[in-house]
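Those sequence lines, one after another, are chains A and B.
Read in numbering that gives the first Met the number 0, the first sequence has 533 at position 534, and its numbers run on one by one without any break.
Read in numbering that gives the first Met the number 0, the second sequence has 24 at position 25, and its numbers run on one by one without any break.
All C-beta atoms in this analysis are idealised placements derived from N, C-alpha and C, irrespective of residue type, glycine included.
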Amino acid sequence: MRLAADAAHQFGGIDLDRSTPLSFTLDGIKIEGFAGDTVLSAVLAAGIDTYGLYGGVPMALTDRFGPLVASKRGAPLPMDRLPAIDGADLTSLGQLGRRSARQPNSLRHILDKLEDPGWLRAAPEATLSADLLIIGGGVTGLAAAKSAAVAGRTVIVAERRAWFGGDARYFGPVGDEETPEIFTTRLLDWLAANTNVTMLGRTEAFALQGPRAMLHQIEMVEGAARGRVVAVNASRVLLATGATQRLPVFPGNRLPGVLPAIFAYHLAKRYGVAHGDSAVVATQGNFGYRLALRLSDAGVAIRRVVDTRINAQSRFIDFAKAGGLTLASGQIPLSAQRGHFTFAPILGSGASVNVEARQLVIAGGWQPDLTLWMQAGGNVRWSSEQAAMVATGHVDHIGLAGSAVGYRSMKACTASGRAAQAALFGDPLTDVEDSETGTALETPDEPTPTSPHASALPSFLDAGRSLAVRPSAVQSGKVLPRSQAMSLADAAASVELQLIAPGDAGAIAEERGAPGADLVASDWRPSAGDVSDALPVYLTRRFGDDPQRVHLIVDNKRTFLIGALVYSNVVKPDPGNAAGVIIDAAPIGGIALMQKSALTKTARFIVETGTGPSPARIAPG
Amino acid sequence: MAKGYDFAIFGSGPFSALLAGLLAHDHGKQVIRIAAPVSPLRLQRAIDLALPLATRPASWSMVQRGAAETLALLTAIEAAETVAPVDVRIVADSPASVTALAHMSHIARGNGLAVRDGHFRGVHRLNGDIALTGSKVQSTDAGATLNFTKAGLAELSIAGEPTEVGQIVLADDASILDLMPEQQRPSHLTAQPMTATLTAPARRLAAPVMRYVDRGVTLAQRPDHSILALVAGERDVEARLASCLPGPFPLPRFATTHFRRLVSNDGAPLLGRLRPSRMFVAAGLGNTGAFLAPSIARLLVGIPTETERPWLVAHDPARPSRETIADFAETLI
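Below you can see the structure in the form of structure tokens.
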């Protein structure tokens, strides 16, 4: 549903132009929206919240899990980066199930096999170059870009999403600091006016080897969206890739109607979309309350805010209480069904609580996005302090900054961006301080919640395409399948669930988190090489110091294959006792390399052919 | 100086586990094995097969005898299920390799294997690691370091404390690469970049294990039809790998890792004590190391059988000439 255009906290959608309605079709279904929508936001606003069935279980359609869509003449593009265009006729790519009245809100895909996008294997249409490529256009990347441009460097900033500024607005300002909105707008204006800086929105970096990156960009050409692959050769690369919100692990955590908090926030803030008119918010930290308050102010009835922490303290909790929200502490999501959510006390005593609402908004911890770092050869390890996989090691000419290295506050992220940019070019370094004013009195976030047990309904470890599932109690041992892709968040959850040892987590995450693009058919063959008449080294001195070449025959037509062993007819046919071996073909028989001493004893031999022993004699002449 | 050991075995994987177990149980030695635990979720970096890529009859008979002995040993410790027969197909592209494969095939037949067109039937394959839980072998996964005296002699420390040890054994490539100073590494050995990849389920391979000797690719298909691929070298890795795969394409990958292995330049293993460190190395064993463990254990305690002694002595790195053991060596890509 759409929130009111004038909803509080700009939850009417800051990217929308409500004066310009539009419509397009997706798989034959008419979707209505507004200029500024993405295809995904318009589809969700139309009430389609299900991608399809995975193992018979409905899966929510989200910014991290949705099909590619294509117009009749266009290449497939991702729904979350594709602008909604009036009159477009789109088809989603994948295996579609039967249209059924039981799935009115579904794109009806069968999700048992997901293919990688074709652009991962496409040749670049263009090559750009710059002194610095910044991957990630959040506040970290923007601050780094300005810093580099001020130093006279050419800069390219690639941002996957349709907007710059990242997730900073979700957290808001701390104390008296500038708001993310003002900070981002000011920086973007400055960067737009600087000819050294190229800003690429809706552009995802999908490969990084050395300082060469491959980007997939969606650009508008004559009113139509098209995708193109761009290679960037940069002297240095700064990864300001941010962090991904972890998915609390409980049965039904990816059903339609269960939304990660950061996704629910951006849907409302950018596009004025909410999944329904009521919600329960489950959180392990303070910013879940901030989102609950904003949703409430924007017209979504908050049935309850459920916190895993007991008696947590926060200014946001105080605001929520003052706002009349119903709060519950010390409870953890136990299971979800559509419109019906169950929570249980974390201490294991007391009754579970059922809450009815149209949506469950769930907040987990944060996992730095280090996929490109691993692709470039960087390492990761499990950090119990940060409850996340963190970067280790060094990669020449590639740096990390912002929440990709665990910084939390906007001040620290921007300082980190500037410092990392300076470090890449050998400039004097500046300190990065990550203190959040006024937060000393606030209860810190807890690790991502995990329900006490699995059930028949799958508990996914992450919200993306890897689809790793917590092993159920009936499976033998607590192991993940070996044949399974794994995201860094999957690895983090696996450590917390004791599915993998903390010491192994880094290596497993590196192996599974950056497996490389799909393999395509190849007719590669080795070069023919030089043909040599010399005896192979493995025959050197095998038949004594002075082996002899002789032509062995049996009759006028049979030939002996190369490698066939030759025995004196009196010894047991053991390869170690062979007196010679066929080394060359001949019109009849074969050319053998023989022990000189064997030739002095007899002229008749046994050749062990592939089909049995054959008599042989030295050819006359 | 802390309590001593007769042998300190560095290395993960079945070969080092078998070697440590044999030294402790069959030969009554005090043994410590130093190996980081490896999760079963990690990609395999080797496939243990009783199939030497060798053309010398002595190497074949060593491995075949060793395979029978290893199987008997595993049966005795109720771990026989870790060895199973598997069909292996070797594919050669170049004329030189085709010739070498012909020689290998005939020697394999002479050793009792059924072979046809590069298809070797019923090869013993060791699956999984050998657990030393409950054995006499002491194990540690951390805190063991090697220090080198000015004369180059290797000395063991455990948890920072110098520890007396009769013989240090570097029993896998990673420990040789990590622990042995490069200048002490035998010149016969070359460190080769390797890639291990696990693909999504694919079409059935012509045999459960495939070796493409001229493309540097080894494939092993799993029960779920996913394929573990080991690719040697760093040029054209994906093109070479895909040229060996049956599809369907595009074929997703679930996991990839990079590492290094040691190969001997002449295709023959190196087994013996090195100067000046006096460490014993076992390198260049290819896929066959686990099946040579009984013989190498006897060599380490000084009681090799009369049958195996000449082969073991010939592969000692101290030997001035390797002319009589030089074998088929895969092209380094």
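How about the stretch 350-360 of chain A and the stretch 254-262 of chain A: do they share at least three Cβ pairs that are nearer than 8 Å?
Yes, since at least three Cβ pairs between the stretch 350-360 of chain A and the stretch 254-262 of chain A fall closer than 8 Å, the two stretches touch.
Rounded to whole angstroms, how far is the Cβ of B/Thr54 from the Cβ of B/Ala99, which I believe are closer than 8 Å?
Taking C-beta atoms under 8 Å as the contact rule, B/Thr54 and B/Ala99 qualify, at a distance of about 6 Å.
Does the beta carbon of A/Asn243 sit closer than 8 Å to a beta carbon anywhere in chain B?
Reading off the sequence, residue 243 of chain A comes out as Thr, not Asn. Nearest CB-CB separation between A/Thr243 and chain B: not below the 8 Å threshold.
Is it buried or exposed for A/Ala414, if we count other Cβ within 10 angstroms and need 16 for buried?
Buried, by the Cβ-count rule.
Same chain only: Cβ atoms within 7 Å of B/Ala170, ignoring 5 sequence neighbours per side
Excluding the 5 residues flanking it on each side, B/Ala170 has same chain C-beta neighbours closer than 7 Å at Ile8, Phe9, Gly10, Phe14, Ser15, Leu18 and Ala281, in chain order.
With a CB to CB cut of under 6 Å and the five nearest residues on each side skipped, what residues in its chain are close to B/Ser186?
Contacts found: none.
CB-CB under 6 Å to A/Met78, same chain, minus the five flanking residues each way: which ones, in chain order?
In the same chain as A/Met78, and ignoring 5 residues on each side of it, the C-beta atoms closer than 6 Å to its own belong to Val38, Leu39, Gly65 and Val68, in chain order.
Using a 10 Å radius around the Cβ and a threshold of 16 neighbouring Cβ atoms, would you call A/Val431 buried or exposed?
Its Cβ being crowded by 16 or more others within 10 Å, A/Val431 is buried.
Can you pull the chain A neighbours of B/Ala55, defined as C-beta to C-beta under 8 Å?
For the sequence presented, residue 55 of chain B should be read as Arg rather than Ala. What B/Arg55 touches in chain A: Tyr537 and Arg541.
Assuming B/Arg124 and B/Ala83 form a contact by the criterion Cβ under 8 Å, report the distance between their Cβ atoms to the nearest whole angstrom.
The C-beta distance from B/Arg124 to B/Ala83 rounds to 6 Å, short enough to meet the 8 Å contact threshold.
Any idea if A/Gly476 is buried or exposed, counting beta-carbon neighbours within 10 angstroms, 16 or more meaning buried?
A caution first: A/Gly476 carries a pLDDT of 44, below 50, which makes its placement in the model too unreliable to give a value.
Per DSSP, which residues does A/Gln336 bridge with? Please list them.
Beta-bridge partners assigned by DSSP to A/Gln336: A/His339.
The stretch 139-154 of chain B in contact with the stretch 606-615 of chain A per 3-pair CB rule at 8 Å:
Contact between the stretch 139-154 of chain B and the stretch 606-615 of chain A is absent, because fewer than three Cβ pairs lie under 8 Å.
For B/Asp326, return the contacting residues in chain A, with the cut-off set at a CB-CB distance below 9 Å.
By Cβ distance, chain A contributes Val536 and Tyr537.
Return the bridge partner residues of B/His118 from the DSSP annotation.
When beta bridges are read from the DSSP output, B/His118 appears opposite B/Arg88 and B/Arg115.
Secondary structure at A/Ala206, three-state DSSP: helix, strand or coil?
Three-state DSSP puts A/Ala206 in a strand.
Which residues mark the beginning and the end of the alpha helix (DSSP H) in which B/Ala238 is found?
Here the alpha helix (DSSP H) through B/Ala238 covers Val236 to Cys243.
When you compare only the Cα positions, how much space is there between B/Arg214 and A/Ser531?
In a straight line, the C-alpha of B/Arg214 is about 20 Å away from that of A/Ser531.
Does B/Gly109 have its Cβ less than 8 Å from a Cβ in chain A?
True, the Cβ-Cβ gap to chain A drops below 8 Å.
Quick one: give me the first and last residue of the beta strand (DSSP E) that A/Asp583 is part of.
A/Asp583 -> beta strand (DSSP E) spans Gly579 to Ala584.
Roughly how many angstroms separate the alpha carbons of B/Lys135 and B/Gly27, rounded to a whole number?
Roughly 9 Å separates the two Cα atoms.
State yes or no: is the beta carbon of B/Pro351 nearer than 8 Å to at least one beta carbon in chain A?
This structure does not reach residue 351 of chain B, given that chain B is present from 0 up to 332, and the question cannot be answered.
Looking only at its chain, what residues have a beta carbon closer than 7 Å to the beta carbon of A/Phe10, apart from the 5 residues adjacent to it on each side?
Here A/Phe10 has Leu2, Ala267, Lys268, Gly271, Arg293 and Ala297 as same chain residues with Cβ atoms under 7 Å from its own Cβ, once five neighbours each way along the sequence are excluded.
Length-filtered (3 minimum) beta strand (DSSP E) runs lying within the stretch 100-173 of chain B
Within the stretch 100-173 of chain B, the beta strand (DSSP E) runs of at least 3 residues that lie entirely inside it are, in chain order, 113-115, 118-125, 137-139, 143-147, 153-157 and 160-169.
Proximity test, Cβ basis, 8 Å: A/Arg120 and chain B
Yes, its Cβ sits closer than 8 Å to a Cβ of chain B.
Any beta carbon of chain A sitting closer than 8 Å to that of B/Ser310?
Going by the sequence as given, residue 310 of chain B is Trp instead of Ser. Chain A, which has no Cβ nearer than 8 Å to the Cβ of B/Trp310, makes this no.
Nearest to A/His8 by alpha carbon, out of A/Gln216, A/Ile47, A/Lys112 and A/Leu290?
It is A/Leu290 whose Cα lies nearest to the Cα of A/His8.
Which residues of chain B have a Cβ atom closer than 7 Å to the Cβ of A/Ile507, listed in chain order?
Residues of chain B whose Cβ lies closer than 7 Å to the Cβ of A/Ile507 are, in chain order, Ser38, Leu40 and Arg41.
List the endpoints of the continuous beta strand (DSSP E) containing A/Val404.
A/Val404 -> no beta strand (DSSP E), and no H or E assigned at all.
Checking contacts by CB at 8 Å: is B/Gly117 closer than that to chain A?
The C-beta of B/Gly117 comes no closer than 8 Å to any C-beta of chain A.
Count the other CB atoms within 10 Å of the CB of A/Asp306; is the residue buried (16 or more) or exposed (fewer)?
Of the other Cβ atoms in all chains shown, 16 or more fall within 10 Å of the Cβ of A/Asp306; this residue is therefore buried.
Against B/Ala238, what residues of chain A qualify as contacts under a CB-to-CB distance less than 7 Å, listed in chain order?
Per Cβ cutoff of 7 Å: Ser521 and Trp523.
Please compile the residues from chain A whose C-beta is within a distance smaller than 7 Å of the C-beta of B/Ser11.
Those do not exist, as B/Ser11 stays about 12 Å from chain A at its closest Cβ, beyond 7 Å.
Give me the subset of the stretch 242-257 of chain B whose CB atoms are less than 8 Å from a CB atom of chain A, sorted by chain position.
Of all residues in the stretch 242-257 of chain B, Ser242, Leu244, Gly246, Phe248, Pro249, Leu250, Pro251, Arg252, Phe253, Ala254, Thr255 and Thr256 have a Cβ within less than 8 Å of some Cβ in chain A.
At what residue ranges does the stretch 86-121 of chain A contain a whole run of the beta strand (DSSP E), taking only runs of 3 or more?
The qualifying runs are 88-91 and 105-109.
Rounded separation between A/Lys571 and B/Asn110 - CA only
Approximately 12 Å between the Cα atoms of the pair.
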